[in-house]
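Worksheet: the structure to be examined is printed underneath.
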Amino acid sequence: MFLFNRFHSPVSVLKRAGAKEIPIDSSYIAWWNRGSACIGIHAPYDQRLRYFVGNLVPKTWGAEPHGDYLAYTNLPDHEILFAPGFEMDSTIVVHEQIHDYLKLGGHPQKYFGDSIAIHCGIRPGHD
Ligand SMILES: [Zn+2]
């Protein structure tokens with residue numbers, strides 16, 4: 001359970017990990033609208049999402065912090081962190097947006113399976 005306290009600042013956690021926030025590119029909204037509809041999610045773009053680029057996933061996110069990754073989503077705070085160079089890869093952007101929408105770290109094959117994901121321009125995922 002998360003309790004708000006004034007010392008909790010998810011953005012400063014990212015800043016300590018060396019990440020930089022990037023502006024929301026209008027492409028991100030277009031990619032969500034196209035990709036989510038294609039896999040059967042009919043929901044508007046989530047305006048709470050914020051995007052960052054950085055080399056390290058903050059340890060407090062509970063991920064394997066130093067493994068190879070292309071992007072990672074912090075579900076409680078609606079933050080997506082891209083490894084440098086992957087922030088304009090539409091297949092990865094939508095993949096992470098779907099994680100945020102589903103509030104799931106895993107990869108249900110209904111959305112992330114090879115055939116549906118590739119057909120819809122989304123990076124497939126496997127658990
Ligand atoms: Zn994934």
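Counting in the numbering used here, the sequence shown runs from 1 upward without gaps.
Glycine residues also receive a C-beta, built at the ideal position from the N, C-alpha and C atoms.
Practice item. Please confirm whether any heavy atom of ligand 1 lies closer than 7 angstroms to the CB of G121. Key: False, no ligand heavy atom lies under 7 angstroms from that Cβ.
Point to revise | Cβ-based burial, A117 [other Cβ within 10 Å; buried from 16] | key: buried
Point to revise | H99 Cβ short of 7 angstroms to ligand 1 heavy atom set | key: A heavy atom of ligand 1 is found nearer than 7 angstroms to the CB of H99.
Review point. Can we say the stretch 76-94 touches the stretch 34-51, given the rule of at least three CB pairs closer than 8 angstroms?
Key: yes
Review point. Which of helix, strand or coil does DSSP assign to I116?
Key: helix
Exercise for review: Count the C-beta pairs between the stretch 85-101 and the stretch 68-75 that are closer than 8 angstroms, then say yes if the count reaches three, no if not.
Suggested key: yes
Review point. Nearest CA to the CA of F86: which residue from G113, S12, R123?
Key: R123
**Study point:** For N55, the three-state DSSP class (helix, strand or coil)
**Key:** coil
Practice item. Identify the continuous alpha helix (DSSP H) that holds A17 and give its terminal residues. Key: Careful: A17 lies outside any alpha helix (DSSP H) and carries neither H nor E.
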